[in-house]
Amino acid sequence: MERDIEQLNSALNSVKILRSNVRRVFESVSNGLRADHGDDGKENKFILELQELLTTVNNNLRDVENSVSNLTPPSGPFSLGNTTYLSQETTQERQALYGQLVNSYKWTDKIREYSAVAGNILAANSFNKTYKTFSTTKRRKTQTSNHNVPPEVIENLITSIDRLFTDVTITTNRPFVPNPVIQASLGRVLKAIIAFKGLMIEWVIVKAHAESNDLWSESRYKVFRKVTENCHAAMCHFHSPMMPELAVRSFMVVYCYIFFVFLKMYKK
Amino acid sequence: MGVTILTQFPTENRTGPQTIDVLSKRIMALGAIQQGQFLVDCETYTSVQQLGPQRTVHVLHNSEQPATVFSLLETGTKTIPLATDGLFDLLMMKMSSFYTSKKQTKAESKGPRYEIGDFCVKLGTVTVSSNFKGILVEVEYRPCVVPAMCWDLLKEFLQGFLGLSGPTNPPAYLQNRMQEIYSPIDTIHQYLEHFTLFRKSPVEANVN
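Note that the protein sequences, when read in sequence, are chains Y and F. For what it's worth, this note's numbering labels the leading residue of the first sequence as 1, then goes sequentially. For what it's worth, this note's numbering labels the leading residue of the second sequence as 1001, then goes sequentially.
Okay, structure coming up:
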């Protein structure tokens, strides 16, 4: 692809050079004899000049032919459907449509490319949020739902975490009854806002102590954006649909660990 | 709003602009990006004799908090800080018969402002009634609000680009407030301390 474009570019360039030299020939012919040809043998000088120019044109023509033969013709016709006629549209206000259409083609192409890459990566690393068994054995375990658990279970989990980590101050609020959003503050330095979906951690964002509790906006500070990234990685890594409580607990351990590394960095 | 450390940088036979140039080259080499200019100014008013024991009011403006006027009232026994909006300047003008400003005391620190990651660095040239007095370097670490938590980090950063002239201890004003939440008025206190020192110091030879 890259090479094709390069060759096309060089072909266009040689056409440009050819055109400019042909123009010089006609210019010279139309000017005829000039003062700078002098008096003695001015005709001969003029003919020599013309010959030189024609040789250049010949050479340029050869270059054009060479570069054209290097080009690879596209394998099939470009099928743009009815939209090709858009370029022939005569009304002023619709002419802009063609450009936009070409752009949207480009974007859909890019999306296809990226989704193929993303598909490959996701196939290799599974971050499934639902537990599926593909085994055909008869001893199937009952599939537990982690999305729909009684609020008391989540309540117990949060209380136990609160007791487990003395450095963490946890405040809970419930915009929707089964899905609490907890705010875990560590010291007066940072806080994590964790949204649960049933027993699973759905969303984590880490912010500075002084920032707002908004779940959807990122932290203003680079350092907390980095910590948020690490927390996301921890959340995905410890995610286990079979043992959601363990997943939450492991996540909290990592969160505390990140915090202590952070303090260490602050206080050398 | 994070924790701010203000420190003086010795000029060592250089003129003010030369020193600023040296420091800005150092900070740019670390990857900082210049984000405009800053200005902190201070005007001092003293009460007239009819009002009893003399009191001093320092009125300061900081370009970082452009809509706020900070004032510190010194009664002799204690200092009362006050953060108000811009109208306070007009109020001081109304009170000019009770509080008069001493001539030759307007101090200001101005210069370029840089951002580097979560740090904000300001290199200020200090002038007292337009005489050059010295260089003040202000470094703010914005994510943290408790001085004790980030003092070591700030010290390391300051020593990293000021070399041996970087501070080894927290500013005197902050020393007994290390565990408290930092606020803009604390920066103003630090500026006032330095301005007071600069006012007492003799005029340097290299006036710019």
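All C-beta atoms in this analysis are idealised placements derived from N, C-alpha and C, irrespective of residue type, glycine included. From a predicted model like this one, the values you see are computed outputs, not experimental measurements.
Item: Under the three-state DSSP convention, the category A35/Y falls into; Value: helix
Item: Bridge-paired residues (DSSP) for V1128/F; Value: A1107/F and N1131/F
Item: The region 180-199 of chain Y: positions lying closer than 9 Å to chain F by Cβ; Value: G187, R188, V189 and L190
Item: Local conformation of L1039/F per DSSP, three classes; Value: strand
Item: Cα-Cα separation between S1071/F and R1177/F, rounded to whole angstroms; Value: 20 Å
Item: Cβ contact (3+ pairs, closer than 8 Å) linking the region 56-67 of chain Y and the region 10-17 of chain Y; Value: yes
Item: Sub-9 Å separation of V1145/F and M1001/F beta-carbons; Value: yes
Item: Nearest to I273/Y (by Cα), restricted to the options D39/Y, A234/Y and D4/Y; Value: The structure shown does not extend to residue 273/Y, since chain Y is modelled only from 1 through 268, so no value can be given for it.
Item: contact_flag[the region 1166-1174 of chain F, the region 1099-1113 of chain F] where n(CB pairs < 8 Å) is 3 or more; Value: no
Item: The region 1080-1092 of chain F / the region 1132-1152 of chain F touching (three or more Cβ pairs under 8 Å); Value: no
Item: Residues of the region 1149-1165 of chain F whose Cβ lies closer than 7 Å to any Cβ of chain Y, in chain order; Value: M1149, C1150, D1152, L1153 and E1156
Item: Span of the alpha helix (DSSP H) around A233/Y; Value: K222 to H237
Item: Simplified DSSP state of I1181/F, which is helix, strand or coil; Value: coil
Item: Range of the contiguous alpha helix (DSSP H) that encloses A1067/F; Value: Counting along the chain, A1067/F falls outside any alpha helix (DSSP H), and DSSP gives it neither H nor E.
Item: Boundaries (first-last residue) of the alpha helix (DSSP H) holding S1024/F; Value: G1016 to A1029
Item: Under 9 Å (Cβ pairs) to chain F, residues found in the region 220-240 of chain Y; Value: R220, Y221, K222, V223 and F224
Item: Closer than 9 Å to chain Y by CB, P1112/F; Value: no
Item: Amino acids of chain Y, ordered along the chain, whose beta-carbon sits closer than 9 Å to that of V1146/F; Value: G187, R188, V189 and H209
Item: Run of the alpha helix (DSSP H) containing S219/Y, from where it starts to where it stops; Value: Note, S219/Y: premise wrong, no alpha helix (DSSP H); not H, not E.
Item: Within chain Y, partners of G1031/F - CB distance below 8 Å; Value: Those do not exist, as G1031/F stays about 12 Å from chain Y at its closest Cβ, beyond 8 Å.
Item: Identity of the residue in D36/Y, I17/Y, C231/Y and L186/Y nearest L61/Y by Cα; Value: I17/Y
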